[in-house]
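Read the structure below first, then the notes.
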Amino acid sequence: MRGLTGRVAVVTGAAGGIGAATARRLAEEGAHVVAVDLDEDRARAVAGTLPTESIGVRADVSAEDGVAGYLAAAVERFGRVDLHHLNAGIPGSFATLPELTVAEFDRVMAVNVRGVFLGVRAAFRQYAAQGTAGSIVLTGSIGSLRGSADLLAYQTSKHAVLGILRGAAMYGGPLGVRVNAVAPGIVPTELFAATPDVSGGKDDMSRRASSTPLRRAGTGEDVAAVVAFLLSDDAAYMTGEVVSVDGGAGIVSTVRP
Ligand code: NAD
Numbered sequence: 478m479r480g481l482t483g484r485v486a487v488v489t490g491a492a493g494g495i496g497a498a499t500a501r502r503l504a505e506e507g508a509h510v511v512a513v514d515l516d517e518d519r520a521r522a523v524a525g526t527l528p529t530e531s532i533g534v535r536a537d538v539s540a541e542d543g544v545a546g547y548l549a550a551a552v553e554r555f556g557r558v559d560l561h562h563l564n565a566g567i568p569g570s571f572a573t574l575p576e577l578t579v580a581e582f583d584r585v586m587a588v589n590v591r592g593v594f595l596g597v598r599a600a601f602r603q604y605a606a607q608g609t610a611g612s613i614v615l616t617g618s619i620g621s622l623r624g625s626a627d628l629l630a631y632q633t634s635k636h637a638v639l640g641i642l643r644g645a646a647m648y649g650g651p652l653g654v655r656v657n658a659v660a661p662g663i664v665p666t667e668l669f670a671a672t673p674d675v676s677g678g679k680d681d682m683s684r685r686a687s688s689t690p691l692r693r694a695g696t697g698e699d700v701a702a703v704v705a706f707l708l709s710d711d712a713a714y715m716t717g718e719v720v721s722v723d724g725g726a727g728i729v730s731t732v733r734p
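Under the working numbering, the letters of the sequence shown match residues 478 to 734, in that order.
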């Protein structure tokens, strides 16, 4: 893919399934990776296995000083940042609407919405300071586009990611900064396993995956390939887009006329 070699890419949630796969794919395309996660050991372990010079950094993306901290680490090591995959997210716990607490709602919003807002804002500030035009990809979800009776906080947060996406793409366009999103479907990572409505576990996940047009669950690598493309110059005329990476799950109609 064009425009990734030698670039410096921040990946948040890089210790997790999708983030680690993106870190690897970007590094295989020649980018230096700043692997950011709450889990410092795993972030460093991911960075340590990459084929380019890369670093692992502990940061909480939901806090302003966390975001400032990972950017400072990136600039200290590499002198600049060119690309961002703002991917860190949490599933929230299973609760029907009357049972969903304010604390739980706020916990999910803090990471999935405020974290993305802070990451996007910091990216724009960094690009302005550098005098460069970078690229940003957000991780939405099939839940950005659908409703669920028992994952309301998560799905609301992922809808909000699209609000940030569209505002940032409008702002960034004239500056040459592209902002896009991926919307993964079923990817069996730790997050997915922790999502209670599939705590029917692997059987339920297999059943749901096998009812999608491509008849399988996705992999981190499936998502990472699309993220790398969107960050690359090959996607030079794309901004504000949400690209589903869901094996076709999003086109399935549950209503038969
Ligand atoms: P994962 O749990 O494997 O990875 C998420 C990572 O984010 C973890 O390493 C975790 O430590 C990190 N993280 C959580 N809160 C953080 C914080 N405040 N600061 C820094 N790091 C933090 O999950 P995943 O499936 O790889 O999820 C990645 C993204 O993909 C999430 O935004 C998720 O909502 C989205 N997604 C996943 C699926 C799926 O099926 N797995 C589907 C749609 C969307």
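Yeah, the Cβ is synthetic: ideal placement off N, Cα and C, and Gly gets one too.
Just so it is clear, the structure is predicted and the values come from calculations on it, not from any experiment.
Leaving aside the five residues before and after residue i along the sequence, list all residues of the same chain whose C-beta is less than 7 Å from its C-beta, in chain order.
{"i": "Phe706", "result": "Met478, Ala712"}
{"i": "Arg643", "result": "Gly717"}
{"i": "Gly617", "result": "Lys635, Val638, Leu639, Ala658, Val659, Ala660, Val719"}
{"i": "Ser752", "result": "A question about residue 752 goes unanswered here, because the residues of the chain that appear run from 478 up to 734."}
{"i": "Pro665", "result": "Met682, Ala694"}
{"i": "Ala587", "result": "Ser539"}
{"i": "Phe594", "result": "Ile641"}
{"i": "Tyr604", "result": "Ala610, Gly611, Val654"}
{"i": "Val704", "result": "Thr499, His562, Val614, Val659"}
{"i": "Leu652", "result": "Ala610"}
Less than 6 Å between C-beta atoms, sequence neighbours within five positions excluded: which residues of the same chain meet that for residue i?
{"i": "Ala599", "result": "Val544, Leu548"}
{"i": "Ser676", "result": "Unreliable placement is indicated for Ser676, whose pLDDT of 48 sits below 50; no coordinate value is reported for it."}
{"i": "Asp710", "result": "Arg479, Gly480"}
{"i": "Gly546", "result": "Ala536"}
{"i": "Asn589", "result": "Gly566, Ser634"}
{"i": "Ala645", "result": "Val597, Val656"}
{"i": "Arg602", "result": "none"}
{"i": "Ser721", "result": "Ala660, Gly727"}
{"i": "Thr489", "result": "Val513, Val538, Leu563, Asn564, Ala565"}
{"i": "Ala550", "result": "Val534"}
On the premise that residue j lies in contact with residue i, defined as a C-beta separation below 8 Å, what is that separation, rounded to the nearest angstrom?
{"i": "Val763", "j": "Leu615", "result": "No answer is possible for residue 763: the residues shown for the chain start at 478 and end at 734."}
{"i": "Val534", "j": "Val513", "result": "5 Å"}
{"i": "Ala491", "j": "Ala520", "result": "5 Å"}
{"i": "Gly494", "j": "Asn564", "result": "Not confirmed; about 10 Å, so no contact."}
{"i": "Val485", "j": "Ala500", "result": "Not quite, the Cβ-Cβ distance comes to about 12 Å (not below 8 Å), so this is no contact."}
{"i": "Phe582", "j": "His509", "result": "Going by Cβ atoms, the distance from Phe582 to His509 rounds to 37 Å, so no, they are not a contact pair."}
{"i": "Pro734", "j": "Leu668", "result": "That belief does not hold up - the Cβ atoms of Pro734 and Leu668 are roughly 35 Å apart, past 8 Å."}
{"i": "Arg557", "j": "Gln607", "result": "5 Å"}
What does DSSP give as the partner residue(s) for residue i in the beta ladder?
{"i": "Gly533", "result": "Ala512"}
{"i": "Pro661", "result": "Val722"}
{"i": "Arg655", "result": "Ser612"}
{"i": "Thr489", "result": "Val513"}
Within the same chain, show all residues whose beta-carbon is closer than 8 Å to that of residue i, passing over the 5 residues directly before and after it, in chain order.
{"i": "Glu541", "result": "Leu595"}
{"i": "Asp723", "result": "Ile619, Ala660, Pro661, Gly662, Ile663, Thr689, Gly695"}
{"i": "Gly507", "result": "Leu481, Thr482, Gly483, Arg484, Thr529"}
{"i": "Ala504", "result": "Val510, Leu527, Pro528, Thr529, Ser531"}
{"i": "Leu577", "result": "Leu629, Ala630"}
{"i": "Ala517", "result": "First, the residue type needs correcting, since residue 517 is Glu and not Ala in the sequence shown. The answer, listed in chain order, is Gly533, Val534, Arg535."}
field: the segment 629–640 touching the segment 562–576, judged by at least three CB pairs closer than 8 Å
entry: Cβ pair count under 8 Å is three or more, so yes.
field: Length at least 3, wholly inside the segment 596–631: the beta strand (DSSP E) runs in chain order
entry: Within the segment 596–631, the complete beta strand (DSSP E) runs of at least 3 residues are 612–616.
- prompt: Are at least three pairs of beta-carbons, each pair with one atom in the segment 525–537 and one in the segment 614–627, less than 8 Å apart?
  reply: With contact defined as three or more Cβ pairs closer than 8 Å, the segment 525–537 and the segment 614–627 are not in contact.
message: I'd like to know if the segment 656–664 and the segment 690–710 are in contact, where contact means that at least 3 CB-CB pairs between them fall below 8 Å.
response: A contact exists between the segment 656–664 and the segment 690–710.
- request: May I have a chain-ordered list of the beta strand (DSSP E) segments no shorter than 3 residues that lie completely inside the segment 515–589?
  value: Qualifying beta strand (DSSP E) stretches, in chain order: 532–535, 560–563.
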